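>
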Amino acid sequence: MADVVLAARGVRVVRGGKAILRGVALEARAGEVLGVLGPSGAGKSTLFRVLVGESPPQAGRVMLAGEDVTGWPLWRRARAGVGYVPQGPSVLWDLTVRENLVAYRRVARLPPSPPDEAAARVGLGGRLDVRAGELSGGERRRLEVARAVTRSPRLLVCDEPFAGVDPAGAEQLGKLLRTLAEGGATVILADHHVAEALRVCSRALLLLDGAIAADASPEGFREHPLVRGRYLGTLEPEAARI
Ligand SMILES: Nc1ncnc2c1ncn2[C@@H]1O[C@H](COP(=O)(O)OP(=O)(O)OP(=O)(O)O)[C@@H](O)[C@H]1O
Ligand SMILES: [Mg+2]
Numbered sequence: 001m002a003d004v005v006l007a008a009r010g011v012r013v014v015r016g017g018k019a020i021l022r023g024v025a026l027e028a029r030a031g032e033v034l035g036v037l038g039p040s041g042a043g044k045s046t047l048f049r050v051l052v053g054e055s056p057p058q059a060g061r062v063m064l065a066g067e068d069v070t071g072w073p074l075w076r077r078a079r080a081g082v083g084y085v086p087q088g089p090s091v092l093w094d095l096t097v098r099e100n101l102v103a104y105r106r107v108a109r110l111p112p113s114p115p116d117e118a119a120a121r122v123g124l125g126g127r128l129d130v131r132a133g134e135l136s137g138g139e140r141r142r143l144e145v146a147r148a149v150t151r152s153p154r155l156l157v158c159d160e161p162f163a164g165v166d167p168a169g170a171e172q173l174g175k176l177l178r179t180l181a182e183g184g185a186t187v188i189l190a191d192h193h194v195a196e197a198l199r200v201c202s203r204a205l206l207l208l209d210g211a212i213a214a215d216a217s218p219e220g221f222r223e224h225p226l227v228r229g230r231y232l233g234t235l236e237p238e239a240a241r242i
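Quick look at the structure:
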């Protein structure tokens, strides 16, 4: 079996006196696209912020390729090969697509690399000189993904990469994530576009109330009683497009 690239152990996060994450443990291996799916408020984004070093947990550990990185800040993890697409908008509105790609690498203290290739990978090759503030919502999202993959990361954590992206764009992003994994990267993904997410994932976890409640193949995930009962609702699979 491939090496464990990212491991979380006993991750606990408390906000405003409430336990948001209650001892989350997970492992993600090289070549794997791991889905972390679950209802709004389950704690997915909170977990991702802990995995990438944006906020520290109150208890627990994060290991990157066997090394304890729990105390490492975001930039240091970025340097160690961790890419992150946060849930909210994170582009620099007044800069062009090209400038955003260049600026991100500078801020992340990564060596420069040509932005054209990263833009082309997400279908923004023709939009390099457009200001980010003038992109459509879906184009902006694709720029945010492009930025995270400017240097093929060893671990890519994507918080709702398909949000606002049209079906063809989502398919292209999905293929990009799969290609990264086939090249040996590890991808961790949250998204409520369940059909697209499960097409891309090799395994999916259900996060419920701050704890992992199921760990399944994409096929097993769709059928899991807790997934059906607590996440997907009562829509028939066809209607829910899963
Ligand atoms: N700083 C904070 N203070 C208090 N509560 C917070 C804070 N940050 C997050 N929470 C709460 O933690 C819970 C989990 O939030 P989180 O954003 O991780 O959920 P999520 O699973 O990503 O949801 P979604 O699918 O809507 O993105 C929510 O109930 C949220 O209100
Ligand atoms: Mg979220």
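For the sequence shown, the residue numbers in the working numbering are 1 to 242.
All C-beta atoms, glycine included, are put in the ideal place defined by N, C-alpha and C.
On a predicted model such as this, the values are computed, not experimentally measured, just so you know.
#1: I'd like to confirm the pairing. Which residues does DSSP put opposite T186 in its beta bridges?
#2: What do you reckon, are the CB atoms on A213 and L206 nearer than 7 Å?
#3: Use the C-beta contact count for G169: other C-beta atoms within 10 angstroms, 16 or more gives buried, fewer gives exposed.
#4: Could you pull the start and end residues of the alpha helix (DSSP H) that Y231 belongs to?
#5: By the 10 Å Cβ neighbour count, where 16 or more other Cβ atoms means buried, how is G41 classified, buried or exposed?
#6: Who are the near neighbours of P56 in its chain, counting only those whose CB is closer than 8 Å to its CB and skipping five residues on each side?
#7: Could you work out which residue in C201, V165, A163 and F162 is closest to A181 when comparing CA atoms only?
#8: From L135 to E171, what does the alpha carbon distance come to, in whole angstroms?
#9: Could you tell me if G83 is buried or exposed, where buried requires 16 or more neighbouring beta carbons within 10 angstroms of its beta carbon?
#10: Mark E117 as exposed unless 16 or more other C-beta atoms lie within 10 angstroms of its C-beta, in which case mark it buried.
#11: Let's test the definition: count the other Cβ atoms within 10 Å of the Cβ of E219 and tell me whether it reaches 16, buried, or not, exposed.
#12: Going by beta-carbon coordinates alone, are L34 and R203 separated by less than 7 Å?
#13: At a cut of 8 Å, does the segment 112-128 reach the segment 137-156 through at least three beta carbon pairs?
#14: Can S55 be considered in contact with ligand 2, in the sense that its beta carbon sits closer than 6 Å to one or more heavy atoms?
#15: Going by alpha carbons, who is nearest to L64 out of A185, S90 and V36?
Short version:
#1: Partner(s): L155.
#2: It is a contact, given that the beta carbons lie within the stated cut-off.
#3: With 16 or more other Cβ atoms from the protein chains shown falling within 10 Å of its own Cβ, G169 counts as buried.
#4: Element bounds for Y231: n/a, residue is neither H nor E.
#5: When all chains shown are included, G41 counts as exposed.
#6: Sequence-distant Cβ neighbours of P56 in its own chain, meaning closer than 8 Å and more than five residues away, are V50, T70 and G71.
#7: The option with the nearest alpha carbon to A181 is C201.
#8: Spanning the two alpha carbons is a distance of roughly 19 Å.
#9: Around the C-beta of G83, 16 or more other C-beta atoms lie within 10 Å, and the residue is accordingly described as buried.
#10: With fewer than 16 other Cβ atoms within 10 Å, it is exposed.
#11: In this structure E219 is exposed. Its beta-carbon is surrounded by fewer than 16 other beta-carbon atoms within 10 angstroms.
#12: The criterion of a C-beta distance shorter than 7 Å is satisfied by L34 and R203.
#13: Touching, yes.
#14: Here the distance from the Cβ of S55 to the nearest heavy atom of ligand 2 is not below 6 Å.
#15: Nearest C-alpha to L64 among A185, S90 and V36: A185.
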